[in-house]
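First the structure, in the form of structure tokens, and then the observations on it.
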Amino acid sequence: MSLIHIIYNWIDERIDLKTLQAKLLYEPMPGGSRYAYAFGSALLFIFIMQATTGILLMFYYAPTADHAWQSTQYILKELDYGWFLLSFHFWGSSVMVVMVVCHMLQVFIWGAYKNPREMVWLAGTILFLIVMAFGFTGYLLPWDQRAFWATTVGVEIMDKAPIVGDFMARFLRGGPTAGAQTLSRFFVIHVMLLPAALIAVFSLHLFFFRKAGPAGPFKATRQQLETKMEFFFPRQVFKDIVVMACVFVIIAGLATLWPVELLDEASPEPTDYNPEPEWYFLFLFQLLRLKMFSGEFGEFLGAIALPGLFVLLLMALPFINRNPERHPLKRPFAMSAVVFLLVGIAVLTWMAIASRSQ
Amino acid sequence: MMLKIKSRVRCSDREVGEVSRVIVDPIEKSISHIVVLSDGTERVVPLDGLAVVTEGLVQLGYPSSKMGQYPFLERGNYQQVKEVEIAGLERRLEVFPGEALVPVPTLERDITRRTFFTNFTNAIGVVLALPLVYPVLRYLTFPMYQDFNNNWIKIGSAQNVIEIDKPRQIKFQKTVKEGYLEREFQKSHWVVKISDTLREEIYHGKPIEYKDASGKVYWINKPDPDVVVYSGKCPHLGCAYKWKENHKRFGRVFWCPCHLSIYDPGGKVLDGPAPRRLDVLPMRLTGAGEIEIIDAEFKAGKDHPIRII
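Top to bottom, those sequences are chains R and A.
Convert by adding 9 to the 1-based position in the first sequence; the result is the number in this note's numbering.
Convert by adding 1264 to the 1-based position in the second sequence; the result is the number in this note's numbering.
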């Protein structure tokens, strides 16, 4: 018996390692493994990479208004491979948003949010919000003009919420306008609160998923489910790793081809910079330009009511849509709604990009 | 149904043995087969419509001669339920191995005492947490609300603004103390030398009163001076707007690059989502023609100006 076996057995005798391992890996998946199921694992992988690069960045980054920009420049311009780690972190956030949307779309199309997986979906929508909050708070940290103005406008939007809006906006900014205190607050939210929240809600997400079990294909006979059945390990784990490797290559490629470049240091005087949020918030940004969302009430509609309603709808989805049918072609309303939404977001994003030169 | 391990198994003609194991279907998450131990061999028998389970007995609806059609158990093709993860199986599996009991500790049998300790634990938790709420809230909200600064700041000379109705951006340095950090940065506002038409548009013949949070007037802009100063912050969502000499539709306008609000040189909204006209800042001219302002900021997105700094 090899030394590894001796150690393994010694631990197993004490904590029942074999059962633990079995519970983690030997989950029969009706209908077998698929690449379509890899999005969740890919997201976990990106989060681990973001946490790793984030921790590395914190070795040099100084979260104060008088040094944030300089320390970011130091990481980018002077440190060995600093540009790569920062660019990887930057592009990682974009890819993470794309992956979250892919993951949600896959679950939506597969009808996998339906009974008994409502709580998995609910935890998932909270994770989606946490990922967006990561993007929003991280965007300020380089403390350049782009960062400062996206935050100034973004928090101003929160201010439009009724009753609590003013308090929430001041709370986030740590004052009546964006400044040094805002940077401190966004930093602690980005590196402490959100990671803790993400890990907690992700654990719930996984726990709920394991309790409800995998949904499997939306269309299969009993015979097919049984003959194609596989454990999670090793075939699905293999497919997950393949997707993770692709994701890694894509993020590393983006970081190498388009490394982060800082604009001038943040200042309440934007000179010739035209403020704009990160691309995945562009559709919201464009929405607020529409005539129908003008004026105080219009702004409330466009900035708070509409996005708020969308999030509520997302959370309520498995409770509103109780039809157990999972085949996408037999759910024409749900499918057209999602196509309409995606096209709407694409058109708004395109409009925002097209009007840049104006 | 109450399927028991060791239940007797009887065919229509005679008893053939006992249930030694059960086999679970991972898709249906229920028992699909029983393993019948008969004469020292184990056969896998489906638990279908031909099997009736009663207390301690499985009655099969065929004679014992048919038992031979069912395969022997090949143990290597199966795993124990605890060796895999099948969601929700424990709740649905109804195999009854008999009760194994452990006594409730004597001290735990007194429900009243248990309730007392539970409530007391919760109470201590609340007593610990409550006094922390207020200090923590104060700690976190400390910088959120600040007194307004009504100091006059020199931003430039009115003599530099020559052309009538043509706005000029005036940049100035401002020192701001945020918490422990004192920083100097550049800010800018727009100054316009106004014609009488613009004067009428801005003042409507009346002075502009500036009130603090309590409603007390701290300054009055009289319509007399030839210049007005607009806050550089767009009243829509707080971006910095710009001056355009040749806008495609409106000609000479203030234009905000963020959400495309457009204002005429008098500050009136011509197009876009802005909820109110540009904010005119409290201003005075010194004897030497220097422009001095109170660098107030107003909340964006409201239909009337609410001062925040």
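Every residue gets a Cβ at the ideal spot worked out from N, C-alpha and C, and that includes glycine.
{"Check": "Beta carbon of A:G1553 nearer than 7 Å to that of A:A1422", "Outcome": "yes"}
{"Check": "Test item: CB-CB of A:L1301 and A:V1359 under 7 Å", "Outcome": "no"}
{"Check": "Extent of the continuous beta strand (DSSP E) to which A:I1558 belongs", "Outcome": "1554–1558"}
{"Check": "Proximity below 7 Å, CB of A:L1549 to CB of A:P1489", "Outcome": "yes"}
{"Check": "Alpha-carbon to alpha-carbon, R:P37 and A:S1328", "Outcome": "35 Å"}
{"Check": "Spatial neighbours of A:E1561 in its chain, beta-carbon cut-off 8 Å, leaving aside the 5 residues before and after", "Outcome": "S1495, K1497, R1571, I1572, I1573"}
{"Check": "Cβ distance (whole Å) where R:I260 is taken to contact R:W100 below 8 Å", "Outcome": "5 Å"}
{"Check": "Amino acids of chain A, ordered along the chain, whose beta-carbon sits closer than 8 Å to that of R:K169", "Outcome": "G1565"}
{"Check": "Cutoff 7 Å: A:D1442 Cβ touching any chain R Cβ", "Outcome": "With the sequence shown as reference, residue 1442 of chain A is identified as Glu, and Asp is not the correct amino acid for it. It does; some Cβ of chain R falls within 7 Å."}
{"Check": "Contacting positions in the segment 308–325 of chain R - beta carbon closer than 7 Å to chain A", "Outcome": "E308"}
{"Check": "Short CB-CB distance (under 7 Å) between A:S1478 and chain R", "Outcome": "no"}
{"Check": "CB contact flag (A:I1295, A:V1309, <7 Å)", "Outcome": "no"}
{"Check": "Three CB pairs or more closer than 8 Å across the segment 1469–1477 of chain A and the segment 1440–1453 of chain A", "Outcome": "no"}
{"Check": "N- and C-terminal bounds of the beta strand (DSSP E) containing A:K1441", "Outcome": "1432–1442"}
{"Check": "Distance CB(A:P1499)-CB(R:G183) smaller than 7 Å", "Outcome": "no"}
{"Check": "Paired residues, beta bridge with A:G1420 - DSSP", "Outcome": "A:I1555"}
{"Check": "Chain-ordered chain R contacts of A:A1351 [CB-CB under 7 Å]", "Outcome": "R219, K220, A221, G222"}
{"Check": "Neighbourhood of A:H1523 by C-beta distance below 7 Å, restricted to the same chain and skipping five residues each side", "Outcome": "H1500, L1501, G1536, P1537"}
{"Check": "Beta-carbon gap between R:H214 and R:A132 smaller than 7 Å", "Outcome": "yes"}
{"Check": "Segment limits, beta strand (DSSP E) that includes A:L1549", "Outcome": "1547–1549"}
{"Check": "Backbone CA spacing between R:M360 and A:P1521 [nearest angstrom]", "Outcome": "14 Å"}
{"Check": "Classification of R:T160 by the beta-carbon crowding that lies within 10 angstroms, buried from 16 upward", "Outcome": "buried"}
{"Check": "Between the CA atoms of A:C1275 and R:A47 - distance to the nearest angstrom", "Outcome": "49 Å"}
{"Check": "Backbone secondary structure at R:V164 - three-state DSSP", "Outcome": "helix"}
{"Check": "Chain-ordered neighbours of A:R1378 on chain R, where CB pairs are closer than 8 Å", "Outcome": "Simply none; closest approach about 28 Å."}
{"Check": "Minimum Cβ-Cβ distance from R:Y35 to chain A less than 7 Å", "Outcome": "yes"}
{"Check": "Exposed unless 16 or more other CB atoms sit within 10 angstroms - verdict on R:A189", "Outcome": "buried"}
{"Check": "Beta carbon of R:G311 nearer than 7 Å to that of R:L296", "Outcome": "yes"}
{"Check": "For A:V1288, the nearest candidate out of A:E1347, A:V1280, A:Y1326, A:N1413 (CA to CA)", "Outcome": "A:E1347"}
{"Check": "Residues within the segment 224–255 of chain R neighbouring chain A, beta-carbon criterion of under 9 Å", "Outcome": "G225, R231, L234, E235, M238, F240, F241"}
{"Check": "Chain R within 7 Å of A:Q1433, Cβ atoms only", "Outcome": "no"}
{"Check": "CA-to-CA distance, R:T134 to A:R1378, given in whole angstroms", "Outcome": "39 Å"}
{"Check": "R:A229 to R:G40 span [Cα, whole Å]", "Outcome": "7 Å"}
{"Check": "Start-to-end residues for the beta strand (DSSP E) that takes in A:K1457", "Outcome": "1445–1457"}
{"Check": "Interface residues of chain A facing R:N8 [CB-CB closer than 8 Å]", "Outcome": "Past the boundaries of the shown model lies residue 8 of chain R; chain R is included only from 10 to 367, so the question cannot be answered."}
{"Check": "Buried or exposed by the 16-neighbour rule on C-beta atoms within 10 Å, applied to A:N1341", "Outcome": "exposed"}
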